[in-house]
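Asks: The sequence shown runs 66 to 187 under my numbering. Below: one structure in structure tokens.
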Amino acid sequence: WLFGESELNLVGFAYKHDLHMLSTYIGQEIAISPKYIDLQLLAAHQMMEEEDISSLPGLKSSCDHFLKFGAGAEKNWRDYSLSKKEQCSEWDRRPLTPSQLEYAGLDAAVLLVVLADIVRSR
Numbered sequence: 066w067l068f069g070e071s072e073l074n075l076v077g078f079a080y081k082h083d084l085h086m087l088s089t090y091i092g093q094e095i096a097i098s099p100k101y102i103d104l105q106l107l108a109a110h111q112m113m114e115e116e117d118i119s120s121l122p123g124l125k126s127s128c129d130h131f132l133k134f135g136a137g138a139e140k141n142w143r144d145y146s147l148s149k150k151e152q153c154s155e156w157d158r159r160p161l162t163p164s165q166l167e168y169a170g171l172d173a174a175v176l177l178v179v180l181a182d183i184v185r186s187r
């Protein structure tokens, strides 16, 4: 339903591999749609206007660019870690571990923060 009939826009970052994995998991091909917003492409477009970049930015460099908390801020986005260990962990095993749940929450939340910052900076 979410990928086929929904009117919602879905936000991801370089999401083609994720769509492939989800397609495999549900046993049905998920076609790329204009309603899927790839923040990597939006970030690259914005960053090209502001600085010299020669390739698509990763999530870390996009966060470095857009998530500026300002001088004297108590927290920095880097205080919240997205571990490659968790990214590559066994997501099909249940129940998910607390660190997997934390990773999933941060991975989703950072996209919304980056999207808001891209929109705000336009």
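Beta carbons: idealized from backbone N, C-alpha and C, even for Gly. In this text, all values refer to a predicted model and were calculated from it rather than measured experimentally.
Using the C-alpha atoms, what's the distance from K149 back to L107?
Replies: 23 Å
Asks: Ordered along the chain, which non-local residues of its own chain (more than five positions away) have a Cβ less than 6 Å from that of S164?
Replies: E151
Asks: Exposed or buried, which one is S127 when buried takes at least 16 other CB atoms within 10 Å?
Replies: buried
Asks: Could you give the DSSP three-state label for G170: helix, strand or coil?
Replies: helix
Asks: Going by the beta-carbon positions, is the gap between V76 and I95 smaller than 9 Å?
Replies: no
Asks: Do you know whose CA, among V179, E70 and R158, lies nearest P122's CA?
Replies: V179
Asks: Using the Cβ count rule (16 or more neighbours within 10 Å means buried), how would you classify Y168?
Replies: When all chains shown are included, Y168 counts as buried.
Asks: Determine whether the beta carbon atoms of L132 and V184 lie at a separation below 9 Å.
Replies: In this structure, V184 does not lie closer than 9 Å to L132 by Cβ.
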